[in-house]
Amino acid sequence: MAVRVVVGTQWGDEGKGKYIDMLADQSDIIVRYSGGNNAGHTIVANGAKYALHLIPSGILHTDKTCIIGNGVVVDPAVLLKEMAGLNERGITTDHLLISDRAHLIMPYHIGLDELQENFRGNNSIGTTKRGIGPCYADKIERSGIRMCDLIDKDEFVKKVKANLELKNLIIERVYGGKPYKAESIIEEYSEYADKLRKYVTDTTSILAEAIDEGKNILFEGAQANFLDIDFGTYPFVTSSNPISGGVCTGSGLGPIYIDEVYGVLKAYTSRVGAGPFPTEQNNEVGDAIRELGWEYGTTTGRPRRCGWLDTVMIKYAAKINGLTALAINHVDTIGKLKEIKLCTGYKYNGQTIRYFPASLNELAKCEPVYETFEPWDEDITNIKSFDKLPENARKYLNRIEELVGVKIKFIGVGKDRENVIVR
Ligand code: GDP
Ligand code: IMO
Ligand code: MG
């Protein structure tokens, strides 16, 4: 039996989807435990490309069970559309299960996300405007509506009406927005309920049984350490706990069952949306990384901000997530630059520090300290062993391992699930 977790160690889009798809092969159950359709996971399998937002990336393996855990916020319209998209491509979704405790993204959450972002003006977070923050806010505030309510019509009607009483006041009187009509939401969501009912269940018992039967479980992280509500660059974060600790609260499985935690990173850094980014290269280097790595959002299509790999961040993420191994992607991409820089620490008030500050003011005063590496401008996409990589690539990877203190187990040298070196 193995219980493994795949998490992002930067600001998302590290290429988690590729590893989840790859590791799903050796798993019986694949579980999403946090976030919602703010995520965008790209999978390239045998040349075919899939972009998944809400459905676990393990879905392409139709003989496995895929679970959307209680920690996920579910927009049923998006879920059904994503299911239909897969079905049209010949991939069944009969092996999907949804936790009855997962919270629902409602139309007013999406509306409020937009209104709040506009209200923040220059201080906006740059959210994906999918209603994620407002939905989690309702969950914590105890007014949320869950999957178990969706499939119980009377309860659903009661909860929608109760929610709209206050939500419409806020929308109209605070933000000057347009109120929502209970009837049209109820009608729309009744249809979703009919279509989703058969997938909704108590997924914690399924996980408990799987543990007792010694099955292999894979937890699929969305977002990443630095988007975490507690350990990210707050407030420029998402509203959930994507770190490995979120596995327990977002699925209902105790921490003693987790065997491995794989931290995914890119050989550089990218970020979508606003917020600090110490090693950002808002210049021709960043532009070159964006074009070489095709750094455009899977969810919103926004160009991603790009910069050098920051080992202060990865070292911090290593302890927070309890990383047992690293998976580094885009080693093919970074090798094409003229020279490569690696951040080994920050200069703060004349001192070199190796911790990641909580205060954004302190972070803004941190100057990255770099080491420079030679590139390896050759095609490495079909290389299958570490020893066959160009010497300059090995030097770069060895130094990352040394600075972070965690072994690199997987090396991504191309988009396809085949383009991975396993050590
Ligand atoms: P996720 O959200 O962490 O699953 O990552 P995304 O799918 O949003 O973004 C990762 C992008 O990098 C996708 O376009 C992947 O196809 C691509 N990718 C992943 N690994 C590699 C790699 O090793 N090399 C290259 N060139 N592209 C990669
Ligand atoms: P994956 O799983 C990159 C970012 C948004 C914004 C902030 C808050 O593909 O790695 P939200 O809509 O969650 O309230 O937005 O978080 N963000 C992501 N950035 N990858 C993601 O997911 C992200 N999910 C949220 O851009 O800055
Ligand atoms: Mg992504």
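Note that numbering that gives the first Met the number 0 has the sequence shown beginning at 0, numbered continuously upward.
Every residue gets a Cβ at the ideal spot worked out from N, C-alpha and C, and that includes glycine.
Residue nearest to residue i in terms of C-alpha spacing, selected from the options
i, options, result
"L111", "V72, P178, G285", "P178"
"T126", "A38, V246, D309, Q350", "A38"
"K15", "P241, I382, G272", "P241"
"I327", "K318, T310, L336", "T310"
"K335", "Y354, Y369, N360, L291", "L291"
"P302", "A287, A209, I399", "A287"
"K337", "T371, R88, K346, N348", "T371"
"K80", "V71, N69, G70, T92", "T92"
"K160", "M146, E140, S183, E171", "S183"
"R270", "R3, Q9, V4", "Q9"
"K408", "F385, K394, T380, W293", "F385"
"A266", "G245, E294, N282", "E294"
"I169", "L114, D153, I139", "L114"
"D193", "G251, L341, P75", "P75"
"I382", "E361, A23, V421", "V421"
"I339", "G262, Q280, G300", "Q280"
"V199", "G231, P275, I66", "I66"
"H94", "T299, V236, T202", "T202"
"G300", "N121, V284, I28, G272", "G272"
"L325", "K128, E390, E259", "E259"
"G68", "R416, V30, H108", "V30"
"L53", "T298, T61, V156", "T298"
"R141", "E154, N162, V156", "N162"
"R398", "C342, E116, R304", "C342"
"N86", "P106, V72, T61", "T61"
"I109", "G120, G84, P254, A136", "A136"
Simplified DSSP assignment, three categories, for residue i
i, result
"D211", "helix"
"H40", "strand"
"T371", "strand"
"G249", "helix"
"R196", "helix"
"F235", "coil"
"L96", "strand"
"E279", "strand"
"T203", "helix"
"V403", "helix"
"R270", "strand"
"I29", "strand"
"G110", "helix"
"G34", "strand"
"I184", "helix"
"I131", "helix"
"S56", "helix"
"P254", "helix"
"R289", "helix"
"N381", "coil"
"I124", "coil"
"G244", "helix"
"S358", "coil"
"I170", "helix"
"L396", "helix"
Cβ neighbour criterion (16 or more within 10 Å) applied to residue i
i, result
"V173", "exposed"
"F118", "exposed"
"E13", "buried"
"M82", "buried"
"K414", "buried"
"P133", "buried"
"C143", "It is Gly, not Cys, that sits at residue 143 in the sequence shown. Its Cβ being crowded by 16 or more others within 10 Å, G143 is buried."
"I104", "buried"
"K364", "exposed"
"L165", "exposed"
"I150", "buried"
"S239", "buried"
"G404", "exposed"
"Y354", "exposed"
"K387", "exposed"
"N122", "exposed"
"N36", "buried"
Bridge partner(s) assigned by DSSP for residue i
i, result
"N328", "K265"
"C145", "It is worth fixing the name first, because residue 145 is Arg in this sequence and not Cys. Answer is H102."
"L308", "L341"
"K346", "T351, E366"
"K48", "V43"
"R3", "L217, E259"
"L295", "Sequence inspection shows Tyr at residue 295; the Leu mentioned does not correspond to that position. Per DSSP, P302."
"G411", "V419"
"T64", "I28"
"V72", "H102"
Let me have the residue list for the ligand MG: C-beta closer than 5 Å to any non-hydrogen atom, ordered along the chain.
D12, G39, T297
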